[in-house]
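In the numbering used here, the protein residues as written are 1 to 185.
Each residue gets a CB set at the ideal place from its N, CA and C atoms; glycine is no exception.
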């Protein structure tokens with residue numbers, strides 16, 4: 001049986017999570033869902049630590065203490081997951097929040113890096129901030145990425161949201177590659 005979070009924050013919205021359960025994509029190998037328990041969130045934080053800190057040699061330095069990628073925004077967000085059916089292991093994740101969630105807590109993570117004051121109000125009101133996305137190395141495939149994106153689509157559509165925004169990191173040392181990506185966008 002799942003351990004319920006003690007927090008009254010986003011995961012306590014049982015109705016929303018129950019409504020999303022029946023709409024989330026699934027296939028013979030993977031389930032997609034929203035974390036419902038502290039144990040599920042911690043499994044996703046462990047996945048993020050494994051990808052960001054161990055594999056990529058990046059991530060939050062404080063994460064090394066407990067082997068979890070945790071920051072001040074985790075408790076206020078929903079956590080989308082892809083879970084391997086046979087093993088029960090979390091293999092993919094996105095962290096998500098709406099403007100209402102952000103305004104009730106610490107704001108947007110993106111707001112720590114960007115000034116949203118000039119952003120069109122409708123974009124923020126009709127948007128979902130996404131971030132901390134990763135896929136476990138052995139399951140890194142278009143299939144898992146597609147399931148994450150389908151899950152994002154279900155979440156956004158169910159909440160009547162039209163836009164996705166957030167931060168992403170580009171790893172590497174080649175300035176020309178970084179500029180090419182920036183110019184493409």
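Residue 101 sits in a helix when the DSSP states are folded into three classes.
Runs of beta strand (DSSP E) with 3 or more residues, each lying fully within the region 125-149, are found at 127-135, listed in chain order. By the neighbour-count definition (other C-beta atoms within 10 Å, threshold 16), residue 181 is an exposed residue. If you draw a 10 Å sphere on the C-beta of residue 123, you find fewer than 16 other C-beta atoms in it, and that means exposed. Straight through space, the alpha carbons of residue 129 and residue 58 are spaced by roughly 22 Å.
Residue 127 has its alpha-carbon roughly 10 Å from the corresponding atom of residue 121. Note that the C-beta distance between residue 69 and residue 52 is below 8 Å.
Residue 31 carries a strand assignment under DSSP once its states are collapsed to helix, strand and coil.
Around the beta-carbon of residue 133, 16 or more other beta-carbon atoms lie within 10 Å, marking it buried. Each residue's CA atom was taken as its position, placing residue 135 and residue 33 some 15 Å apart. Residue 80 is bridged by DSSP to 34, 94. Counting the other Cβ atoms within 10 Å of the Cβ of residue 144 gives 16 or more, which makes it buried.
About 20 Å separates the Cβ atoms of residue 158 and residue 44, ruling out a contact at the 8 Å cut-off.
Taking 8 Å as the cut-off, the Cβ atoms of residue 85 and residue 91 do not count as close. Annotated as distal: residue 98 and residue 81, with beta-carbon spacing of 8 Å or more.
In the same chain as residue 67, and ignoring 5 residues on each side of it, the C-beta atoms closer than 7 Å to its own belong to 46, 49, in chain order.
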